[in-house]
Amino acid sequence: MSLSQSSIRFLGALILLMLIGVQVVEAREFPHKAEVVKIQELNYNIKRITFKPKTDDFEFTAGQYIFVKAPESYIDAFNKTHGTDHGEISRPYSFASSPSNKETFDLIIKHYGPRRGRDVPPGVMSTFIHKHLKVGDVLDFSGARGRLYEPQEANRPIVMIAGSVGGSPFVGLSQYFFENQINEKRKIYLFLGVNSKRDLFLHDLFIGWTKKHKNFYYIPSLSRPAEGDKWTGETGYINLAFGRYFKEKLDADVYIAGSPIMRRETIKVLKAKGIPDGQIRTDPIKVGDE
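Heads up: the sequence shown is residues 26 to 315, going by the numbering used here.
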């Protein structure tokens with residue numbers, strides 16, 4: 026039995042993810058439909074898409090994610106354009122809004138274009154979202170999955186550490202914290218690491234939250250600030266920024282979302298700060314899924 030090139034690539038990626046300890050998530054059923062009601066550009070390669078569910082039984086909880094299925098007609102056109110042989114394509118995205126809003130939900134999605142110096146096509150799903158999706162379109166979705174956040178009675182701080190678009194689940198999760206007044210008794214920290222200033226998204230919103238909501242702290246860090254950024258905040262990878270911010274041992278509940286290497290290096294810093302495994306949770310979505 027011979028395997029197609031896409032099957033070989035998928036199996037190779039699956040083995041790699043298992044070796045580096047990344048949870049592999051997939052969907053086979055898509056019982057829900059939702060209509061695009063708003064598309065907002067958050068920066069040059071990140072968009073926030075607002076959907077209105079068209080099924081009455083659609084629901085999710087804070088910190089969950091969902092699979093979005095690309096239309097077959099788009100996949101056929103993509104294969105013809107790029108010489109690929111993709112079959113059914115779906116990708117997982119974290120909810121970027123609070124579950125208290127029963128009318129709509131948000132997803133924040135980054136576009137992955139062609140890799141510089143490599144003869145490979147752009148990200149198939151993110152290209153559909155950024156280049157083809159429009160208001161009024163209806164897409165197929167899986168049910169909500171995962172459980173990044175577990176409600177707790179503890180009063181220790183909550184720390185959310187994100188790399189790039191890995192900050193998406195923490196938008197909805199923070200809204201949930203505010204709505205339930207969790208920030209009244211627990212300090213909440215959002216660390217967001219990006220390359221340069223143009224890679225920041227919802228930056229003004231997060232700054233506004235520090236002024237509007239008690240005990241909320243936002244710490245962005247640029248790993249490679251551009252010459253014209255005029256950046257006076259934290260610099261370097263976000264795990265290092267976290268390590269500098271908390272100089273002593275720390276007792277906190279920590280949530281991490283980002284690329285596999287970002288998560289691995291962040292967990293090393295957390296362990297050095299004395300945070301036990303039971304107080305560290307990672308988003309199963311691998312930032313970089315195209």
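C-beta: ideal position from N, C-alpha, C; glycine also.
Beta-bridge pairing of residue i - partner residues as DSSP gives them
i, result
"residue 65", "73"
"residue 60", "77 and 163"
"residue 184", "214 and 279"
Residue environment, residue i, which counts as buried when at least 16 other CB atoms sit within 10 Å
i, result
"residue 291", "buried"
"residue 303", "exposed"
"residue 152", "buried"
"residue 281", "buried"
"residue 155", "buried"
"residue 17", "Past the boundaries of the shown model lies residue 17; the chain is included only from 26 to 315, so the question cannot be answered."
"residue 106", "exposed"
"residue 62", "exposed"
"residue 140", "exposed"
"residue 177", "exposed"
"residue 93", "buried"
"residue 197", "buried"
"residue 189", "buried"
"residue 69", "exposed"
"residue 75", "buried"
"residue 135", "buried"
"residue 225", "buried"
Coarse secondary structure for residue i, derived from DSSP in three states
i, result
"residue 179", "coil"
"residue 166", "strand"
"residue 47", "Per-residue confidence for residue 47 stands at a pLDDT of 41, beneath the threshold of 50, marking its modelled position as unreliable; the derived number appears in the next sentence. Of the three classes helix, strand and coil, the one that applies to residue 47 here is coil, per DSSP."
"residue 279", "strand"
"residue 233", "helix"
"residue 116", "strand"
"residue 172", "coil"
"residue 86", "coil"
"residue 94", "strand"
"residue 111", "coil"
"residue 209", "helix"
"residue 190", "helix"
"residue 140", "coil"
"residue 222", "helix"
Residue range of the alpha helix (DSSP H) that includes residue i
i, result
"residue 98", "97-107"
"residue 201", "193-204"
"residue 217", "Segment 213-219 is the beta strand (DSSP E) holding residue 217; no alpha helix (DSSP H) there."
"residue 130", "From DSSP, residue 130 is part of no alpha helix (DSSP H) but of the beta strand (DSSP E) over 130-135."
"residue 291", "285-297"
"residue 305", "Not the alpha helix (DSSP H): residue 305 falls in the beta strand (DSSP E), residues 305-307."
"residue 156", "149-156"
Residue-chain proximity (residue i, chain B), Cβ-Cβ < 7 angstroms
i, result
"residue 174", "Protein chains in the displayed structure number just one, and chain B is not present."
| message | Give the list of continuous beta strand (DSSP E) stretches no shorter than 3 residues that lie fully inside the region 235-282. | response | If only uninterrupted beta strand (DSSP E) runs of at least 3 residues are considered, those enclosed by the region 235-282 are 241-247 and 278-282.
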